[in-house]
Amino acid sequence: MENSVLLSLRNVKKWYVVRKGIFGKPTYVRAVDGVSFDLVRGEAISLVGESGCGKTTLGRTILGLEEATSGKIIFDGKEIRISDKEVLKWYRRQTGFVQQDPYGALPPFMTVKRILEEPLIIHKIDKYERIERIYRVLTEVKLTPVEDFLNKYPHMLSGGQQQRVVIARAMILNPKLIVADEPVSMLDASVRVEILSLLKELQRRHAISIIYITHDLSTTRYFTEWIYVMYAGKIIERARVERLIKNPLHPYTIALLRAIPDPDANNRFILRDIPPGEPPSLIDPPSGCRFHPRCIHKILGLCDEKEPPEVEYDKEHFVSCWLYVSK
Amino acid sequence: MSFLEVKDLYLYYRTRKGMLHAVDDVSFSVGKGEALALIGESGCGKSSLARCLIRLLPRNVEVFNGHIYLNGTDLMRLSDEDFRKMIRWRKISMVPQAALNSLNPVIKVGEQVAEPLLIHGAASREEALEKVRKMFSLVGIPEAFMERYPFELSGGMRQRAMIAMALIMDPEVVILDEPTSALDVLTQANIMNMLKKIKREYGVTFILITHDVSVSSELADKVAVMYGGQIVELSEADDFYKASLHPYSQKLMASIPSLREEKNLEYIPGSPVSLINPPRGCRFADRCPYRMEKCSSDPPLITINKSYVKCWLYAK
């Protein structure tokens, strides 16, 4: 029987060197600082957090676009290392990437056909099959009639259509995993829905695993099963979508949910109870729990000194917070 | 007459492809101390409308006419020079979109925020800096930040500084163009909290421009929905978020994901109407599920209770 886990991360860290002194130690930005989880085949998860929390870096590290500073990334039983060119080339076929800014992601001087053909040429797929695949994938992302789009350049397409081309390119090698980094944040509300439902459809039809990176919690429930909340380089809480939204545990998650309005005329009379301050610097993160300087429940002598372990507080509900560690 | 009343406003730009109808026969009014949210998708003309109100227009303007009454005075009759001296910053100010990058990187934040006062000769340097200190405490910036440069401030703090600058001459109307769209969720909520307090305590009239319907509900007493350069619906917030009237507003509301409830999201088929030579009749007709024959002629503005809607469905 095939293993149900597609991707495993074990204590993955990605630190960037900012400054190297002649003497003394170099300074690091700890963008991703110890992330572990297992992603099940065909499952879609949301990686949620504010800007600078490390979610994009984590996505890029998972894709092998950045080399992890330490820790292990295991995909389909193989360990992924950038230095291992053979495994990496195989890995590229298994993964697809959808970026935030569709226009920036598409080369302006290439036609849609050429953009989609490129990965197929690199992976030595013969000419006849190339055309067939391009037709199939464009139909799947609903850029039809296909002939109308093949010879267009990116600037001739609307934002939503550009994003469909980016998705088609990510799909064209039949990947098992897609990382979608804020795929809809630059689109208007109505176009956003089209793209989200397209991703959902593709995920269901092909049983692709998706890591959906977003700052917008309200879009997560539309096609992902899990929410992972990231803060200052760490995943601090993860659970199934419904459970996390109905019953958040970590004080940061609670604040995050409280900050998001649903349209309601009474909102204007309500002051939201939000912790002041801003996420910490990743160069010199706070000791202990990274949220403790902003946390109203902090236990001095504990939260500011020791890092909280991840505990399974409830079935399939993991949290890293001292409030939930039984003594 | 209302405190701020806009009547039959037009703003057309000259472009290589033809005349662009950015604001095309727009009328609305706002009471003193009220907040009006202008919502719509990108390219619907909402930022152009804001630029009319503060008269910061690009050079390719071909048509700019109509009436903007503030306290009964028609601002459209003022010369550019008079508008600059008497209205901009003093009566109407604006927090521009991309405000995060609007500060001069080589001037200390405190001095920049004081600039409108100094340029208008309304205060001495000391008085101006004293006023900045007051404004900073109002918008929640530590006083020490006056001596800092923009790059030393976080996005949220820079946005607060821009809001302080917009408030520094005690204007009656403040236009906020996408004030929180580049900010994180918690920072956004903190800034909306601050704006709510300012509205409550100082009675400032806000015009909030946003593409985010949820954010609009954080401040708005009234909501105007723009589509294709026109206001297609103007409703009280209490009515709008419960049941909007115009088919476009309804579709827009149906496309907003909800955090707390399961809801089937809808999208609007087709793409937004071009503002260059827009079609005759209702501009939303091509995408509207209720399209009728009548829709090929321009729909009238119909009053229903306290709402206005530009749609034939409601014509008797």
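Residue numbers (numbering that gives the first Met the number 0), protein chains in the order written: chain E, 0 to 326; chain W, 0 to 315.
Ideal placement from N, C-alpha and C gives every residue a C-beta, glycine not left out.
Just so it is clear, the structure is predicted and the values come from calculations on it, not from any experiment.
Proximity of chain E to residue 219 (chain W) at the Cβ level (cut-off 7 Å) is accounted for by 267, in chain order. Look at residue 192 (chain W): its C-beta is under 8 Å from a C-beta on chain E.
When CB distances to chain E are screened at a threshold of 7 Å, the residues of the segment 195 to 206 of chain W falling below it are 195, in chain order. Within the DSSP bridge table, the entry for residue 290 (chain E) names no partner. By the neighbour-count criterion, in which a residue is buried when 16 or more other Cβ atoms sit within 10 angstroms of its Cβ, residue 270 (chain E) is exposed.
In the three-state DSSP reduction, residue 104 (chain E) falls in the helix class (H, G or I).
The alpha-carbon separation between residue 279 (chain W) and residue 104 (chain E) amounts to approximately 37 Å. Taking C-alpha positions only, residue 291 (chain E) is separated from residue 324 (chain E) by approximately 16 Å. Restricted to the segment 20 to 46 of chain W, the beta strand (DSSP E) segments that are unbroken, complete and at least 3 residues in length are 34 to 38, listed in chain order. The CB of residue 217 (chain E) comes closer than 9 Å to the CB of 213, 255, 256, 257, 258 and 259 in chain W, given here in chain order.
Each of E:81, E:125 and E:45 was checked against the Cα of residue 62 (chain E), and the nearest Cα belongs to E:81. For the segment 251 to 264 of chain E, the set of positions with a beta-carbon nearer than 8 Å to some beta-carbon of chain W reads 254, 255, 256, 257, 258, 259, 260, 261, 262, 263 and 264 in chain order. Residue contact check for residue 189 (chain E) against chain W: a CB pair falls below 8 Å.
Unbroken beta strand (DSSP E) stretches of 3 residues or longer found wholly inside the segment 229 to 271 of chain E: 233 to 239, given in chain order. Residue 136 (chain E) has a beta carbon lying at 8 Å or more from every beta carbon in chain W. Under the DSSP assignment, residue 176 (chain W) falls in the beta strand (DSSP E) whose first and last residues are 172 to 176.
Distance between residue 164 (chain E) and residue 143 (chain E), taken at the CA atoms: about 12 Å. Here residue 249 (chain W) has 243 as same chain residues with Cβ atoms under 8 Å from its own Cβ, once five neighbours each way along the sequence are excluded. Residue-level contact check: residue 275 (chain E) touches chain W, since one or more beta carbons of chain W fall below 8 Å from its beta carbon. When 7 Å is used as the limit between beta carbons, residue 50 (chain E) is near these residues of chain W: 183, in chain order.
At least one beta carbon of chain E lies nearer than 8 Å to the beta carbon of residue 189 (chain W). According to DSSP, residue 204 (chain W) shares a beta bridge with W:172.
For residue 18 (chain E), the enclosing beta strand (DSSP E) has its first and last residue at 4 to 18. Annotation: Cβ neighbours of residue 153 (chain W) in chain E (cutoff 7 Å, chain order): 277. Under the Cβ criterion (8 Å, minimum of three pairs), the segment 9 to 28 of chain E counts as touching the segment 49 to 66 of chain E. Contact between the segment 230 to 246 of chain W and the segment 250 to 269 of chain E is present, with at least three C-beta pairs closer than 8 Å.
Runs of the alpha helix (DSSP H) lying entirely within the segment 22 to 95 of chain E and spanning at least 4 residues, in chain order: 54 to 61 and 84 to 93. Per DSSP, reduced to three states, the secondary structure at residue 143 (chain E) is coil, with no helix or strand assignment. A distance below 8 Å separates the beta carbons of residue 159 (chain W) and residue 190 (chain W). Below the 8 Å Cβ cutoff, chain E contributes no neighbours of residue 242 (chain W), its closest Cβ being approximately 11 Å away. Residue 260 (chain W) and residue 259 (chain E) have their C-alpha atoms some 13 Å from each other. With contacts defined as CB atoms closer than 8 Å, residue 46 (chain E) and residue 227 (chain E) qualify as a contacting pair.
For residue 270 (chain E), at least one C-beta of chain W is nearer than 8 Å to its own C-beta. For residue 317 (chain E), the uninterrupted beta strand (DSSP E) run begins and ends at 316 to 318, by DSSP.
Residues of the segment 144 to 169 of chain E that bring their beta carbon within less than 7 Å of a beta carbon in chain W comprise 157, in sequence order. With contacts defined by Cβ atoms closer than 8 Å, residue 198 (chain E) and residue 28 (chain E) do not form a contacting pair.
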